[in-house]
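Structure record follows, encoded as structure tokens.
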Amino acid sequence: MNGILFLIPVALGLGLLGLFGFLWSLASGQYDDLEGAAVRVLDDEGPSKTDAY
Amino acid sequence: MQQTARLELLAELNADARHLAGGGTNYQIALPAMHCGNCIATIESGLSPMPGIEKVRANLSLKQVSVTLAPGNDNLQPVLSKLETLGFSPQSLGAAARTGKDEVLTRLLRSLAVAGFAAANIMLLSVPVWTGASGTTEQLFHYLSALIAVPTVAYAGRPFFVSAVQALKHGRVNMDVPISLGVILATLMSFYESFIGGGHAYFDAAVSLLFFLLIGRVLDHMMRSKARAAASRLAALSAKGGMVVEGAGRLTYLPLDGIKPGMILRVMAGERVPVDGTVVEGASDVDRALVTGESAPISIVTGAAVEAGTLNLTGAVDIKATRSADQSFLAEITQMMAAAEHGRSAYMQLSDRMARAYAPVVHILAATTFIGWMIWTRGGFHESLTAAVSVLIITCPCALGLAVPVAHVVSADRLFAAGILMKDGSALERMAAIDEIAYDKTGTLTTGEPIIKAMQIPLGEPVEVAKALASRSIHPAARALAKALAPYATAAVSDLHEVPGHGVEAMAHGRKARLGRLSWVAEIASTNMSAKETGVAFALEDGPLYCCTLSESLRLGSNSLPKLQSLIMSGDGPVQVDAIAHAVGISETHAGLKPGDKLALLQQKAAEGHHVLMVGDGLNDAPALAAAYVSMAPSSASDVGRMAADFVFTRDDLSAIGYAHEVALKTGRIVKQNFGLAIVYNIFAVPLAMAGQLNPLIAAVAMSTSSIIVVVNSLRLHLVKP
Numbered sequence: 355m356n357g358i359l360f361l362i363p364v365a366l367g368l369g370l371l372g373l374f375g376f377l378w379s380l381a382s383g384q385y386d387d388l389e390g391a392a393v394r395v396l397d398d399e400g401p402s403k404t405d406a407y
Numbered sequence: 055m056q057q058t059a060r061l062e063l064l065a066e067l068n069a070d071a072r073h074l075a076g077g078g079t080n081y082q083i084a085l086p087a088m089h090c091g092n093c094i095a096t097i098e099s100g101l102s103p104m105p106g107i108e109k110v111r112a113n114l115s116l117k118q119v120s121v122t123l124a125p126g127n128d129n130l131q132p133v134l135s136k137l138e139t140l141g142f143s144p145q146s147l148g149a150a151a152r153t154g155k156d157e158v159l160t161r162l163l164r165s166l167a168v169a170g171f172a173a174a175n176i177m178l179l180s181v182p183v184w185t186g187a188s189g190t191t192e193q194l195f196h197y198l199s200a201l202i203a204v205p206t207v208a209y210a211g212r213p214f215f216v217s218a219v220q221a222l223k224h225g226r227v228n229m230d231v232p233i234s235l236g237v238i239l240a241t242l243m244s245f246y247e248s249f250i251g252g253g254h255a256y257f258d259a260a261v262s263l264l265f266f267l268l269i270g271r272v273l274d275h276m277m278r279s280k281a282r283a284a285a286s287r288l289a290a291l292s293a294k295g296g297m298v299v300e301g302a303g304r305l306t307y308l309p310l311d312g313i314k315p316g317m318i319l320r321v322m323a324g325e326r327v328p329v330d331g332t333v334v335e336g337a338s339d340v341d342r343a344l345v346t347g348e349s350a351p352i353s354i355v356t357g358a359a360v361e362a363g364t365l366n367l368t369g370a371v372d373i374k375a376t377r378s379a380d381q382s383f384l385a386e387i388t389q390m391m392a393a394a395e396h397g398r399s400a401y402m403q404l405s406d407r408m409a410r411a412y413a414p415v416v417h418i419l420a421a422t423t424f425i426g427w428m429i430w431t432r433g434g435f436h437e438s439l440t441a442a443v444s445v446l447i448i449t450c451p452c453a454l455g456l457a458v459p460v461a462h463v464v465s466a467d468r469l470f471a472a473g474i475l476m477k478d479g480s481a482l483e484r485m486a487a488i489d490e491i492a493y494d495k496t497g498t499l500t501t502g503e504p505i506i507k508a509m510q511i512p513l514g515e516p517v518e519v520a521k522a523l524a525s526r527s528i529h530p531a532a533r534a535l536a537k538a539l540a541p542y543a544t545a546a547v548s549d550l551h552e553v554p555g556h557g558v559e560a561m562a563h564g565r566k567a568r569l570g571r572l573s574w575v576a577e578i579a580s581t582n583m584s585a586k587e588t589g590v591a592f593a594l595e596d597g598p599l600y601c602c603t604l605s606e607s608l609r610l611g612s613n614s615l616p617k618l619q620s621l622i623m624s625g626d627g628p629v630q631v632d633a634i635a636h637a638v639g640i641s642e643t644h645a646g647l648k649p650g651d652k653l654a655l656l657q658q659k660a661a662e663g664h665h666v667l668m669v670g671d672g673l674n675d676a677p678a679l680a681a682a683y684v685s686m687a688p689s690s691a692s693d694v695g696r697m698a699a700d701f702v703f704t705r706d707d708l709s710a711i712g713y714a715h716e717v718a719l720k721t722g723r724i725v726k727q728n729f730g731l732a733i734v735y736n737i738f739a740v741p742l743a744m745a746g747q748l749n750p751l752i753a754a755v756a757m758s759t760s761s762i763i764v765v766v767n768s769l770r771l772h773l774v775k776p
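Residue numbers (my numbering), protein chains in the order written: chain A, 355 to 407; chain B, 55 to 776.
Pasting the structure below:
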């Protein structure tokens, strides 16, 4: 029983971490250009005046 | 880029610009030519080093670039010029895509994420209960589930609750009504059961139901916005303003609603006439194909009337506006369309029709269960209520809710891959029911660009001079000739100029050469011909007169139109219409129709009980496109035509019509199968619930399985071959 009392908060905490991670990435615009992100990685030159992600 | 067009673009971009808190200004510029990773690098590295630019970010999915100008800099001109030199012609986003970030999608995704988190964790807590946890553990897990489920339902269920309340307010029932009722009752009953220590906690069922349904909603929304964005990116055709000639010959650009009757407007060659008017100075040829459906350009001189939307081809003319934009021909068309669309809004989507039949049945079953149990248990209120609510939970139309959107999304994806954009799912349902097709001629069955059918110009000098002349004009006949003469060399000519309303003239090796209208070219030729005034003529001074006959070129795929009863309705003359009808094998033709006549013909067909698919492109087709049971337009269509059509096909190939019809039929079959599967599942599950034998494990398994079966069945649509 003690194990459960310890494990359940851990499980929920991890779940919430994932949830907030997703909500943050959504709010910061990472899903705005799905095709572009895939090809940007092929560009050798580093980002100049553009955001880096 | 022409100056007027550039000014228009600047005005539009400025109107949509966002002024940031730090003092900068953010512009969103559409670049339809953007297509690969290299384009991103070219644009960003090209614009970033320019002075006064704070941030540049190209978006490949949306084919647009976001440019932020540094505080104090409000001049976008250099950016536009730079983009132009890089090979990306800038455009404004257009009305549909103007809202910026898709707020609705973001909200739906947030709800989906919350529901997904809750569904996974509640399932985690439910499995131990199903497998035998009891006593305090069961109690604890139920409390925890309640703690997660109640806020989740309140947050993630909002899209459904709002839609259900809206429908009920208007006295209608849609699929969201039984969904909302089922989810809310399941949550409330589970909450109550948890506290009295009963076993009927359906938190897992309620939350995973929301999760599955939200997936359907998100997919549906993404499909629509993708199609909308793509449709609005197609180049704008209508004039959005005009150059007004003021005293002392000064030219000022005015937006469309600033143009008043009596003003003098200058329309350059290659521009569209912004408002209805009469020519006061100059002469030119105009292409009225999009406006009236006439295939051949006509010449205009002082005193001639021109409609808004007509394309000016050969010379600059000054026109006096006779009507303002809101009373022009375009506005008449818009009014006709609004009236026509009103008639069509009566169409009810299949899922709503299903809901209308389904909801009462379910609610009657639940009521019967309650009454039956009350009699059976002699007033055992708690058992009766539990049984009745479990009927509502198990019939909650999860699979039904997914049956339609998933099939539509998969089909939309198939169509998109074949270059066909769909406005919404109901268009597919209507497309599946058509029994007759009405085609417009100019620009739909034909490409709108004529081709040279016969040509007599001999090789050598005449051909080379003719090519030099032809390649300088934007008149469709000259363009066709230039295309036909592409393999030959171009002669050096001097003093080349366009004579509006007549043709092109130049000096070649000391001789005058003319290309254009027969009577005008004949003036310098040694021979004369009394042929009728068709085609395009060419002559060198004191040389023989050569004539080229033009014909309309059929669109690709016009010989493999769907085998349905078909007719042609055109604004063009009967001779041209019959020629094309013969070529594509359609016997019923209606020529010389005005926009109102087309509309009337379709309404008559509808009254006879026909479901007509209208395929058209012009402004003159727009009311008919809006009134038809379902409609399709090529991407070369007028703005208004594209807006009115349910489907827009972007490839120059009419086989898109047959393919869209085939996909629609197949989708209809899959949707019906999905409904069948959902109903079969209910036939097994409902008696169990009515007997009071339903437990949370059965509910969870049955609901998930039925949803997955429906989704898998819909994915079979991917097998339709283009």
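C-beta atoms are modelled at their ideal positions from N, C-alpha and C, and glycine is treated no differently. All values derive from a computational prediction rather than experimental measurement.
Around the Cβ of residue i, are there at least 16 other Cβ atoms within 10 angstroms (buried) or fewer (exposed)?
i                      : result
residue 513 of chain B : exposed
residue 244 of chain B : buried
residue 82 of chain B  : buried
residue 29 of chain B  : The structure shown has nothing for residue 29 of chain B, since chain B only spans 55 to 776.
residue 223 of chain B : exposed
residue 630 of chain B : buried
residue 90 of chain B  : exposed
residue 206 of chain B : buried
residue 477 of chain B : buried
residue 250 of chain B : exposed
residue 293 of chain B : Because the pLDDT at residue 293 of chain B is just 49, under 50, the model does not fix this residue reliably, and the value given afterwards should be weighed accordingly. It counts as buried.
residue 717 of chain B : buried
residue 129 of chain B : exposed
residue 581 of chain B : exposed
Which stretch, first to last residue, makes up the beta strand (DSSP E) that contains residue i?
i                      : result
residue 705 of chain B : Run containing residue 705 of chain B: none; DSSP gives neither H nor E here.
residue 374 of chain A : First-last for residue 374 of chain A: 356 to 381, but that is the alpha helix (DSSP H), not the beta strand (DSSP E).
residue 619 of chain B : 619 to 623
residue 339 of chain B : 338 to 341
residue 306 of chain B : 305 to 309
residue 335 of chain B : 331 to 335
residue 608 of chain B : 599 to 608
residue 643 of chain B : 642 to 644
residue 686 of chain B : 684 to 688
residue 546 of chain B : Where residue 546 of chain B is concerned, there is no enclosing beta strand (DSSP E), given that its DSSP letter is neither H nor E.
residue 668 of chain B : 666 to 669
residue 391 of chain A : Taken as a continuous stretch (DSSP letters only), residue 391 of chain A belongs to no beta strand (DSSP E), being part of the alpha helix (DSSP H) at 388 to 394.
residue 594 of chain B : 590 to 594
Bridge partners of residue i, per DSSP?
i                      : result
residue 559 of chain B : B:551, B:568
residue 351 of chain B : Answer by DSSP bridge pairing: none, since residue 351 of chain B is not bridged.
residue 320 of chain B : B:297, B:372
residue 80 of chain B  : B:72, B:122
residue 326 of chain B : B:365
residue 268 of chain B : Answer by DSSP bridge pairing: none, since residue 268 of chain B is not bridged.
residue 359 of chain B : B:332
residue 778 of chain B : Nothing can be reported for residue 778 of chain B, as the shown portion of chain B is limited to 55 through 776.
Along the chain, where does the alpha helix (DSSP H) containing residue i start, and where does it finish?
i                      : result
residue 408 of chain B : 404 to 430
residue 751 of chain B : 750 to 769
residue 440 of chain B : 435 to 448
residue 241 of chain B : 230 to 250
In chain D, which residues lie with their C-beta within 8 Å of the C-beta of residue i?
i                      : result
residue 171 of chain B : This model lacks chain D altogether; the protein chains it does include are A and B.
- Counting only runs that start and end within the region 460 to 504 of chain B, where is the beta strand (DSSP E) found for 3 or more residues in a row? 474 to 476, 490 to 493
- Within the region 92 to 169 of chain B, note down every full alpha helix (DSSP H) run reaching 4 residues or more, in order along the chain. 131 to 140
- Item | Within 8 Å of chain A by C-beta, residues of the region 109 to 129 of chain B in sequence order | 109, 110, 111, 112, 113, 114, 115, 116
- Which residues, in order along the region 207 to 224 of chain B, keep a beta-carbon less than 9 Å from a beta-carbon of chain A? none
- Could you please tell me which residues of the region 374 to 387 of chain A, in chain order, have their CB closer than 7 Å to any CB of chain B? 376, 377, 380, 386, 387
- Message: What ranges does the alpha helix (DSSP H) occupy inside the region 192 to 226 of chain B, keeping only unbroken runs of at least 4 residues that lie completely in it?
- Response: 212 to 223
- Message: Under 8 Å, CB to CB, which of the residues in the region 358 to 375 of chain A have a partner in chain B?
- Response: 358, 362, 365, 366, 369, 370, 372, 373
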